[in-house]
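**Q** All the letters of the sequence shown, read from the start, carry residue numbers 1 to 220 under full-length UniProt numbering.
Every residue gets a Cβ at the ideal spot worked out from N, C-alpha and C, and that includes glycine.
Predicted model, so just to flag it, every value in this text is computed and none were measured.
Right, I'll just put the structure down here and ask away after.
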Amino acid sequence: MLLILDEAYYEFVEDPAYAGSHELALQSTNVVSSRTFSKVHGIAGFGIAPLGISDYAWRAHVPFSVSILAQAAAEASMGQTRSIIERARFMTQERERLQAAFDETGLEYVPSHTNFILVRTGPAVFERTGVLVREGEALGYPGWSRISIGSAQENDRIMAALTSPVSPGLQRFSLRTSFTTLGHPLTAHRLPVEPPETCSPMPWLAERLRLQPTTLGCDP
1 MLLILDEAYY
11 EFVEDPAYAG
21 SHELALQSTN
31 VVSSRTFSKV
41 HGIAGFGIAP
51 LGISDYAWRA
61 HVPFSVSILA
71 QAAAEASMGQ
81 TRSIIERARF
91 MTQERERLQA
101 AFDETGLEYV
111 PSHTNFILVR
121 TGPAVFERTG
131 VLVREGEALG
141 YPGWSRISIG
151 SAQENDRIMA
161 ALTSPVSPGL
171 QRFSLRTSFT
181 TLGHPLTAHR
191 LPVEPPETCS
201 PMPWLAERLR
211 LQPTTLGCDP
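Right under this line is the structure:
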C-alpha cells in the first residue's frame, strides 16, 4: 500500500504538536511526503519519496514537464529561507487578525492552519464591494466562502465587507467565481512584511528548516 501525505500548508501550521512527514518518508519504502511551492513560495510543487516510487511516478506522470524557468525559480526560492519565514509569519498574523474580527462580529468560521479561512458569509455578501472569493457551494459548503489571506489592505476590505450591513436585495444573488483571487500567486502585490523583531520570529519553522541564528542575519 502506498501512503501519500499532503503537506501543502506545512509552513502555516503553528501547533507545536504537529509533526512533519518528511522523516517518515525518508525512513519508509511506501510513504510519499508531498509539499508545494504554490502556497508560501508562490510557484510549483515537489515531493519526497523512495527512489522506486519516484521512478514509478515519473513513468505515470502527465506528458507536461516543468519548464527550465520554473525549475530555476523553484531552486532560487528554496534559498530564500528568511523571506519564506517572514512571509509565513505575516500570513499567520493576518490570519489571526481576520479570525479575531470574525469572533468579534460573531461570524461562524472554521479555525485555520492554512493560508485561507472558510467562513459562513451567506450569499452575495461581497458582491457590493467588488471582492471576488471562491464560493463554498463548489466545495460542498453552500453559504460559505473560502477566503485566502491577502495583503493587509485586502484583508481590511474583507473585514469591511463582512461587518457592513448587506441590503436585502443582494440576498437574491450568488457569486459563482471559479478562483480565489485574494492572495493568489498570480496577484503581483508584495507582502508588507516588517523586519523580524527577534532572530527567529517563527522558531518552529526555523527549527524545521534547520536554520541557525546567523541565517536570519542575527547574532548567535
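1. Can you tell me the Cβ-Cβ gap for H41 and I84, rounded? I've got them flagged as a contact below 8 angstroms.
2. Quick one: residues in its chain with C-beta nearer than 6 angstroms to the C-beta of A138, no 5 flanking neighbours on either side, listed in chain order?
3. Tell me, please, whether the region 2 to 15 touches the region 106 to 117 by the rule of three or more beta-carbon pairs shorter than 8 angstroms.
4. Would you kindly report the start and end of the unbroken alpha helix (DSSP H) that includes I147?
5. Tell me, please, whether the region 96 to 110 touches the region 16 to 30 by the rule of three or more beta-carbon pairs shorter than 8 angstroms.
6. A101 to M159, Cα distance in whole Å?
7. Beta-carbon within less than 6 angstroms of residue 221's beta-carbon, same chain only, minus the 5 sequence neighbours each way: which residues are those?
8. Give me the Cα-Cα distance between R134 and R157, rounded to the nearest whole angstrom.
9. Tell me whether W144 is buried or exposed, calling it buried when 16 or more other Cβ atoms sit within 10 Å of its Cβ.
10. Could you tell me if I68 is buried or exposed, where buried requires 16 or more neighbouring beta carbons within 10 angstroms of its beta carbon?
11. Please work out which residues of its chain come closer than 7 angstroms, Cβ to Cβ, to D6, disregarding the five sequence neighbours upstream and downstream, and give them in chain order.
12. Between the Cα of A25 and the Cα atoms of P50, V119, R89, which residue gives the shortest distance?
13. E108 by DSSP, collapsed to three states: which one?
14. Mark A19 as exposed unless 16 or more other C-beta atoms lie within 10 angstroms of its C-beta, in which case mark it buried.
**A** Taking the structure as given:
1. The C-beta distance from H41 to I84 rounds to 7 angstroms, short enough to meet the 8 angstroms contact threshold.
2. Contacts found: none.
3. Three or more Cβ pairs closer than 8 angstroms define a contact, and the region 2 to 15 meets that threshold against the region 106 to 117.
4. Under the DSSP assignment, I147 falls outside any alpha helix (DSSP H), being part of the beta strand (DSSP E) whose first and last residues are 144 to 148.
5. Contact between the region 96 to 110 and the region 16 to 30 is absent, because fewer than three Cβ pairs lie under 8 angstroms.
6. Note on geometry: alpha-carbon atoms of A101 and M159 lie some 7 angstroms from one another.
7. In this structure the chain extends from 1 to 220, so residue 221 is not present and cannot be described.
8. Distance between the alpha carbons of R134 and R157: 16 angstroms.
9. Counting the other CB atoms within 10 Å of its CB gives W144 a total of 16 or more, which places it among the buried residues.
10. Here I68 is exposed. Its C-beta has fewer than 16 other C-beta atoms within 10 Å.
11. Residues of the same chain with a CB within less than 7 angstroms of the CB of D6, apart from the 5 flanking positions on each side, are S34 in chain order.
12. With respect to the C-alpha of A25, the residue from P50, V119, R89 having the closest C-alpha is P50.
13. In the structure shown, E108 falls within a coil segment according to DSSP collapsed to helix, strand and coil.
14. The residue is exposed, with fewer than 16 neighbouring Cβ atoms inside 10 Å.
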